[in-house]
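What follows is a single structure, written as structure tokens, with notes after it.
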Amino acid sequence: MTDGATTGGSAPANAHAGATASVSLPTGVDWITDPSDPRLADYVSLTDVALRRRTEPERGLYVAESEKVIRRALAAGHRPRSFLMAARWLTDLADVVTQAREDGIPVYAGDHDVIETLTGFHLHRGALAAMQRPVLPPVGELLAGARRVLVLEDIVDHTNVGACFRSAAALGVDAVLVTPRCADPLYRRSVRVSMGTVFQVPWTRIEPWPRGGAEALREHGFTVAAFALTDEAVTLDALAADPPERLALVLGTEGDGLTRHTIAAADLSVRIPMSGGVDSLNVAAACAVALWALRPGGSVPGSAATV
Ligand SMILES: C[S@@+](CC[C@H](N)C(=O)[O-])C[C@H]1O[C@@H](n2cnc3c(N)ncnc32)[C@H](O)[C@@H]1O
Numbered sequence: 190m191t192d193g194a195t196t197g198g199s200a201p202a203n204a205h206a207g208a209t210a211s212v213s214l215p216t217g218v219d220w221i222t223d224p225s226d227p228r229l230a231d232y233v234s235l236t237d238v239a240l241r242r243r244t245e246p247e248r249g250l251y252v253a254e255s256e257k258v259i260r261r262a263l264a265a266g267h268r269p270r271s272f273l274m275a276a277r278w279l280t281d282l283a284d285v286v287t288q289a290r291e292d293g294i295p296v297y298a299g300d301h302d303v304i305e306t307l308t309g310f311h312l313h314r315g316a317l318a319a320m321q322r323p324v325l326p327p328v329g330e331l332l333a334g335a336r337r338v339l340v341l342e343d344i345v346d347h348t349n350v351g352a353c354f355r356s357a358a359a360l361g362v363d364a365v366l367v368t369p370r371c372a373d374p375l376y377r378r379s380v381r382v383s384m385g386t387v388f389q390v391p392w393t394r395i396e397p398w399p400r401g402g403a404e405a406l407r408e409h410g411f412t413v414a415a416f417a418l419t420d421e422a423v424t425l426d427a428l429a430a431d432p433p434e435r436l437a438l439v440l441g442t443e444g445d446g447l448t449r450h451t452i453a454a455a456d457l458s459v460r461i462p463m464s465g466g467v468d469s470l471n472v473a474a475a476c477a478v479a480l481w482a483l484r485p486g487g488s489v490p491g492s493a494a495t496v
């Protein structure tokens, strides 16, 4: 324990916003008063995207934010390294805290100001967990038995990655493959926007890409469809009229779209017809439209309504 930290005793009177009495700490919970406590290194500067993008995968961790996301990550079998939360979440997450204590996982609690100084943002969702990054499965394992696969090529924006995963989960995608330079699906903004579906949809990195990756998809019986605004592209309606049994939908980066190498490596290009002088759709919007139109067998597996 560092100076000024208490364990399993009681937190200071102002530990809980608006509280007047002291908050009693469950046994094994450390009360944090020093934002530079080295035990909290996993949580430092969470708003620094460039820093986190580099250090999180390197150190084999990601950060889950909010009670719901933490519970989803745990339900998916991911292993926590530690928890950090404001006092009231010790009650809401009491079962998680108890389990952590049994498993010897550190639980830290602290005043909002201390946590805010440490992480760099206002902790309105109150609870964080530093999680071990799961080992990603081999591509072949995900393709076996799959009918719809989504490939995200070099998407930059974590919000778009999260939104694509959310659509993938809802619209019958069996696996998501992200290219080597695609933004991290486990970055906290991706996780949040995905509503935790990054823990639900099987995914992995596909490397190399496109050469090698497109061949691997074909070897597993997939038709590779590049979503691109080329003159040769067929319309989404034409493809949806008779879609292949196994289809990989490849979507490109926000600025430039798919590379010409990817378009050349694909079996066909597909465009979603647009009007109104709009030159392209947001990638996550294109993703949702395409997945819906090309849902396997004309229905979304597991949904109540089928066509
Ligand atoms: C913002 S767009 C990139 C636009 C880029 N200037 C281009 O020409 O592809 C990002 C991705 O969304 C998909 N996309 C957006 N609008 C589309 C459309 N109308 N038809 C097919 N794909 C589309 C493509 O995969 C594209 O690479």
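The numbering of the sequence shown is my numbering, which starts it at 190 and goes up by one. Don't be surprised by glycine CBs; every beta carbon is placed ideally from N, CA and C.
- The segment 396 to 413 makes contact with the segment 360 to 369: 3 or more CB pairs, one atom from each, lie closer than 8 Å.
- Between residue 307 and residue 232, the C-beta spacing is below 9 Å.
- DSSP, read as helix, strand or coil, puts residue 269 in strand.
- Per DSSP, reduced to three states, the secondary structure at residue 411 is coil, with no helix or strand assignment.
- For the options 258, 297, 428, the alpha carbon positioned closest to that of residue 274 is the one of 297.
- Looking at the backbone, the Cα of residue 381 and that of residue 240 are separated by about 19 Å.
- Taking C-beta separations shorter than 6 Å and ignoring five residues to either side along the sequence, the partners of residue 224 in its chain run 303, 306, 307, following chain order.
- In this structure, the alpha-carbon of residue 290 lies about 33 Å from that of residue 354.
- Proximity of the segment 244 to 264 to the segment 274 to 289 meets the contact definition, three or more beta-carbon pairs being nearer than 8 Å.
- The segment 439 to 451 and the segment 415 to 424 touch, with no fewer than 3 CB-CB distances between them shorter than 8 Å.
- For residue 259, the enclosing alpha helix (DSSP H) begins and ends at 256 to 264.
- As the crow flies, the alpha-carbon of residue 242 is around 7 Å from that of residue 373.
- Looking at the DSSP output, residue 337 bridges to 436.
- Set against 8 Å, the gap from the CB of residue 292 to the closest heavy atom of ligand 1 is not smaller.
- Residue 399 has its Cβ no nearer than 8 Å to any heavy atom of ligand 1.
- In this chain, the beta strand (DSSP E) harbouring residue 319 covers 316 to 321.
- Put simply, the segment 463 to 481 touches the segment 356 to 363. At least three CB pairs are less than 8 Å apart.
- Judged by the Cβ position, residue 416 qualifies as a neighbour of ligand 1 at the 8 Å threshold, a heavy atom of the ligand being closer than this.
- Taking 8 Å as the cut-off, one finds at least one heavy atom of ligand 1 near enough to the beta carbon of residue 441.
- For residue 460, same chain residues with a beta-carbon under 8 Å away, outside a window of 5 residues either side, are 416, 417, 418, 419, 422, 423, 424, 425 in chain order.
- With a threshold of 8 Å, the Cβ atom of residue 444 counts as near ligand 1, since some heavy atom of the ligand is closer than that.
- By the C-beta density criterion, residue 463 is exposed, having fewer than 16 other C-beta atoms within 10 angstroms.
- The DSSP-derived three-state label of residue 324 is coil.
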